[in-house]
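Heads up, the thing below is written out as structure tokens.
Residue numbers (my numbering), protein chains in the order written: chain A, 45 to 403; chain W, 780 to 947.
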């Protein structure tokens, strides 16, 4: 498996299946870990970073027998486009893409697992599952963490737990995030109310690509803020318990919209679908916005001829780096918008050319 | 002293400076946390390290004491408290021990707790001290090379190798 092979595949987490997949796009858990014998990244010399990268790469690749095939990518060797491609696929963070010095990522087949070396912490383990599957993702990441910890000395304090570069992650180092599609709560202007109540119970809400990013296409990431003083199970439960309530509100809002303004809703969804199928030039923001409407339309039974998997794929494949990797040329913004529109027309109007649903 | 808002003991003593006037607040951990996080109304905003530290350091310290604190450096990785405060990232695992007094309230503020409850690594935490020492030795070796003190660098290299060998 090579990096370019990912262009033709679809990550397991985009299957559009899994529990509550109409509202919960994916579940992600990440663990922050550091080696006891090296300084944290902020104080690491170039030599330290190279040593950490080599040591962790060797150890991480040893777990492949238990965790399936792993593709290792030297992120420091990649050009900007390939790094952005990995960010869009949620396999590395923006920070990791933009960082300096020796760093890499090991990617599991199906893209459920990614292990970032030399991000903010020496090691960041991530598991990404389709739909609402917090327990499944936790079981998998827990196993991987155990396998690695047999081979390295994690920085661990008897009272404070796993030590991390930033005190916001100390303790368990666990961040549980659920990516939710909440268009009806946005349309009915109830989303702020949901956020305020989540904040009261120490859950954070962020956009699709993590801290500081805008919520695009009505996608919101809900995650725990606290990492110390609660066991991993309690953190997993905290998020697991609250998500069904948000799903419930979103469903209520959808029912309300169908009942009160089905015609307006159907019109909005159809127009969005129409633009995506006919536009000659389109930005990635507008695409996200329209895809979100269409996605809601599929879930409400207003659009019947487009499978969810195919639509989910479009969210990823119409983003800048994906578009350029698929077309095989680097494009400026204006040309990208034309290429994006062309890609969408092909994909949505004539399935056989779009390579949709085949993977 | 009791918390001003409940019966619990006041463990946070906050001095609020506003327009030349100062008000003293004596609060328990829970109410202090509530007080310090109020007004951060932005949805999704995580508490920033710099912000939380600034609030916490205003508690009962003089400017002189703060300046002294800023200059304090970790003997293992060399990071100063000022550098940590500025960038919000620690320099090595030992910082949690070295700056314990300053970090404790910050950690309590962020997490509401200060004791880990969860899994432990398969490898016990034994020998942590020795492993952390490697950070200092590597740093000193690099400094020795930069100062062209090759004798000292060689000595340190041998010591590092010895420790690493016992860990394999």
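Heads up, the beta-carbon is just placed ideally off N, CA and C, and yes, glycines get one too.
- Task: Pull up the CB-CB distance for residue 153 (chain A) and residue 112 (chain A), whole angstroms please, since I reckon it's below 8 Å.
- Result: 5 Å
**Asked** According to DSSP, what are the bridge partners of residue 160 (chain A)?
**Response** Under DSSP, residue 160 (chain A) shares a beta bridge with A:149 and A:168.
State the Cα-Cα distance for the pair residue 359 (chain A) and residue 312 (chain A), rounded to the nearest angstrom. Between residue 359 (chain A) and residue 312 (chain A), the C-alpha separation is close to 19 Å.
(Q) Excluding the 5 residues flanking residue 829 (chain W) on each side, which residues of the same chain have their C-beta closer than 8 Å to its C-beta? (A) 864, 865 and 867
inquiry  = Considering only the alpha carbon of each residue, which of A:374, A:383, A:263 and A:302 lies closest to residue 335 (chain A)?
reply    = A:263
Practice task
Run down chain A in chain order and give the residues with a C-beta less than 7 Å from the C-beta of residue 886 (chain W).
Solution key: 211, 214 and 272
Within this structure, are the beta carbons of residue 61 (chain A) and residue 223 (chain A) separated by less than 9 Å?
Not in contact: residue 61 (chain A) and residue 223 (chain A) (Cβ atoms no closer than 9 Å).
- Please state whether DSSP places residue 901 (chain W) in a helix, a strand or coil. coil
Bridge partners for residue 200 (chain A) per DSSP, in chain order? A:206
Q | residue 364 (chain A) at chain W interface by Cβ criterion, 9 Å | A | It does not: the Cβ of residue 364 (chain A) has no partner Cβ on chain W nearer than 9 Å.
At a CB distance below 8 Å, what residues from the segment 72 to 94 of chain A approach chain W? Give them in sequence order. 78, 80, 81, 82, 83, 84, 85, 86, 87, 89, 91 and 92
Next item on the list: Check the DSSP bridge columns for residue 221 (chain A) and list the partner residues they point to.
Entry: Answer by DSSP bridge pairing, in chain order: A:72 and A:267.
* To do: Step through the CB atoms of chain W and report whether any lies within less than 9 Å of the CB of residue 387 (chain A).
  => Between residue 387 (chain A) and chain W, the shortest Cβ-Cβ separation is not below 9 Å.
Segment limits, alpha helix (DSSP H) that includes residue 353 (chain A): 352 to 361
At least one CB of chain W closer than 9 Å to the CB of residue 28 (chain A): is that the case? Past the boundaries of the shown model lies residue 28 (chain A); chain A is included only from 45 to 403, so the question cannot be answered.
>> Using a Cβ-Cβ cutoff of less than 7 Å, which residues in the same chain neighbour residue 810 (chain W) once the five nearest sequence positions on both sides are dropped?
In response: 782, 784 and 785
* Looking at the unbroken alpha helix (DSSP H) that takes in residue 829 (chain W), where does it start and where does it end? -> 828 to 836
Once DSSP output is grouped into helix, strand and coil, what is the label at residue 911 (chain W)? helix
* Compare the Cα-Cα distances from residue 86 (chain A) to each of W:846, W:869 and W:780 and report the closest residue. => Distances from the alpha-carbon of residue 86 (chain A) to those of W:846, W:869 and W:780 put W:869 closest.
Given that residue 788 (chain W) touches chain A, what residues does it touch there, using C-beta distances under 9 Å?
-> Ordered by position in chain A, no residue passes the 9 Å Cβ test against residue 788 (chain W), which lies about 19 Å from the chain.
| message | Please list, in chain order, the chain W residues whose beta carbon lies closer than 9 Å to that of residue 205 (chain A). | response | 894, 895, 896, 897, 898 and 899
* Asked: For residue 256 (chain A), does the count of other Cβ atoms within 10 angstroms reach 16, so buried, or fall short, so exposed?
  -> Confidence in residue 256 (chain A) is poor, its pLDDT being 49 and thus under 50, which makes the residue's placement unreliable; the coordinate value appears in the next sentence. Residue 256 (chain A) is exposed by the Cβ-count criterion.
Between the C-alpha atoms of residue 104 (chain A) and residue 317 (chain A), what's the straight-line distance to the nearest angstrom?
44 Å
key: the segment 163 to 177 of chain A contacting the segment 72 to 92 of chain A, beta-carbon criterion three pairs below 8 Å   = Touching, yes.
Quiz prompt | For residue 118 (chain A), the residue or residues it bridges with in DSSP | solution = A:148
- When the Cα of residue 921 (chain W) is compared with those of A:89, A:234 and A:149, which residue comes out closest? A:89
Original post:
Should residue 850 (chain W) go down as buried or exposed, given a rule of 16 or more other Cβ atoms within 10 Å for buried?
Top reply: exposed
Report task. Check the Cβ of residue 190 (chain A) against every Cβ in chain C and list those closer than 8 Å, keeping chain order. Result -> Reference to chain C is not applicable here, since the protein chains of this structure are A and W.
Next on the checklist: Whole angstroms are fine: how far does the CA of residue 165 (chain A) sit from the CA of residue 260 (chain A)?
Outcome noted: 27 Å
* Pull out every residue of the segment 920 to 936 of chain W whose Cβ sits closer than 8 Å to any Cβ of chain A, in chain order. => Residues passing the 8 Å Cβ filter: 921.
### Query
Shorter than 9 Å from the beta carbon of residue 825 (chain W) to some beta carbon of chain A?
Summary for residue 825 (chain W): the model assigns pLDDT 46, below 50, so the residue's position carries little reliability; its value from the coordinates is reported in the next sentence. Answer yes: the Cβ-Cβ gap between residue 825 (chain W) and chain A drops below 9 Å somewhere.
Discussion item. 9 Å is my cut-off, CB to CB: does residue 910 (chain W) come that close to chain A?
Written reply: Judged by the 9 Å Cβ criterion, residue 910 (chain W) is in contact with chain A.
Worksheet entry | When W:846, W:873, W:807 and W:831 are compared against residue 914 (chain W), the one with the closest alpha-carbon | W:873
| message | Could you compute how far the alpha carbon of residue 122 (chain A) sits from the alpha carbon of residue 212 (chain A)? | response | 30 Å
Problem set entry | Contact residues within the segment 356 to 383 of chain A, judged by C-beta distance below 9 Å to chain W | Cβ contacts with chain W: none found.
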